[in-house]
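One structure is given here, and the rest of the page talks about it.
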Amino acid sequence: SAVISQKPSRDICQRGTSLTIQCQVDSQVTMMFWYRQQPGQSLTLIATANQGSEATYESGFVIDKFPISRPNLTFSTLTVSNMSPEDSSIYLCSAGEGTGGDEQYFGPGTRLTVT
Amino acid sequence: AQSVSQHNHHVILSEAASLELGCNYSYGGTVNLFWYVQYPGQHLQLLLKYFSGDPLVKGIKGFEAEFIKSKFSFNLRKPSVQWSDTAEYFCAVREGYQAGTALIFGKGTTLSVSS
């Protein structure tokens, strides 16, 4: 199994600023995913990050707002740019091979509050 | 696009009662199926998974789930719940054998168990 850590665990940010969330996996993984969990809601996939290629974004999420880096097989970052209160959410990093027979592991999440 | 439906938004049970949480998905091809649990203040944990084979799968903490392909369902069951089972439960689906495919989550079911 993979163990995933995220930094920061929580933050309170002002409107208009940006926050970069780091995700570290304790083993090499092909696929990393970023999810958002808004208060009282389920997890919504933001994007899939493959090492060495551009992230693939889901409908409703754009690179300018949520730029992602994936410099190697154990690390990824998600930036929430030009934040507004609507971005207040828990952001989760996930990792796995993404193929049949594979589990997907989740980090503890980053709780973001935008004021 | 795939979708996952969880029928119960909030379930309230007394200790020792039996539990069944419904989950239906929309994808017609090969799927991997998961149930995750999120205890208060904690991150997502995998309860059980189905990839192939015996459609009745057993997970941790006495939970089990049955995959019924004809009904596109993967319902979670536990014969006798405990107060410590109070948590949010998420059903998730992934298209099988597709590299780079993330999990799609249902909206979640909140389980409250009174002692």
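Respectively, the protein sequence lines represent chains A and B.
Residue 50 is where the first sequence starts when you use my numbering, and the numbers rise one by one after that.
Residue -6 is where the second sequence starts when you use my numbering, and the numbers rise one by one after that.
From the three backbone atoms N, C-alpha and C, an ideal C-beta is built for every residue, glycine too.
None of these values were measured; they are calculated from a predicted model.
Report yes or no: is there a C-beta of chain A within less than 9 Å of the C-beta of residue i?
{"i": "B/ARG70", "result": "no"}
{"i": "B/GLY101", "result": "yes"}
{"i": "B/LEU26", "result": "no"}
{"i": "B/HIS36", "result": "yes"}
{"i": "B/TYR18", "result": "no"}
{"i": "B/PHE60", "result": "no"}
Tell me the rounded alpha-carbon separation between residue i and residue j.
{"i": "A/PRO134", "j": "A/ARG64", "result": "7 Å"}
{"i": "B/SER(-4)", "j": "B/GLU8", "result": "32 Å"}
{"i": "A/ARG59", "j": "A/LEU68", "result": "11 Å"}
{"i": "B/LYS51", "j": "B/HIS3", "result": "23 Å"}
{"i": "A/TYR106", "j": "A/ARG119", "result": "14 Å"}
{"i": "A/MET132", "j": "A/THR66", "result": "6 Å"}
{"i": "B/LYS64", "j": "A/ILE61", "result": "44 Å"}
{"i": "B/PHE83", "j": "B/LEU96", "result": "11 Å"}
{"i": "A/ILE112", "j": "B/VAL106", "result": "42 Å"}
So with CB distances below 7 Å, who are the chain A contacts of residue i?
{"i": "B/PHE67", "result": "Per Cβ cutoff of 7 Å: no residues; B/PHE67 is ~16 Å from chain A at best."}
{"i": "B/ALA95", "result": "PHE82, LEU94, THR97, GLY147"}
{"i": "B/LEU39", "result": "GLU152"}
Shortest alpha-carbon distance to residue i belongs to which of the options?
{"i": "A/PHE124", "options": "A/ASN99, A/GLY109, A/SER137", "result": "A/ASN99"}
{"i": "A/TYR140", "options": "A/ALA51, A/ASN121, A/LEU122, A/ILE117", "result": "A/ILE117"}
{"i": "B/SER77", "options": "B/GLY99, B/VAL30, B/LEU49", "result": "B/VAL30"}
{"i": "B/LEU14", "options": "B/SER108, B/GLN35, B/SER107, B/PHE27", "result": "B/PHE27"}
{"i": "A/LYS114", "options": "A/GLN86, A/ARG160, A/ILE95", "result": "A/ILE95"}
{"i": "B/GLU88", "options": "B/ALA10, B/SER19, B/SER11, B/LEU6", "result": "B/SER19"}
{"i": "A/THR162", "options": "A/PRO88, A/ILE53, A/TYR154", "result": "A/PRO88"}
{"i": "B/ASN17", "options": "B/SER66, B/ARG70, B/PRO33", "result": "B/SER66"}
Pop quiz: residue i and residue j are said to be a contact at Cβ under 8 Å. What is the actual Cβ separation, rounded to whole angstroms?
{"i": "A/TYR84", "j": "A/SER143", "result": "6 Å"}
{"i": "A/GLY145", "j": "A/ASP136", "result": "Actually they do not touch by this definition, with Cβ atoms about 26 Å apart."}
{"i": "A/LEU122", "j": "A/GLN77", "result": "4 Å"}
{"i": "A/CYS72", "j": "A/GLY156", "result": "6 Å"}
Kindly indicate if chain B contains any beta-carbon less than 9 Å away from that of residue i.
{"i": "A/GLY109", "result": "no"}
{"i": "A/SER76", "result": "no"}
{"i": "A/LEU161", "result": "no"}
{"i": "A/GLN90", "result": "yes"}
{"i": "A/SER143", "result": "yes"}
Could you work out which residues of chain B lie near residue i, taking near to mean beta carbons separated by less than 7 Å?
{"i": "A/PRO157", "result": "HIS36"}
{"i": "A/GLU167", "result": "Residue numbering for chain A in the displayed model covers 50 to 164; residue 167 of chain A lies beyond these limits and cannot be assessed."}
At 9 Å on the CB atoms, spell out the chain A contacts of residue i, in chain order.
{"i": "B/LYS42", "result": "GLU152"}
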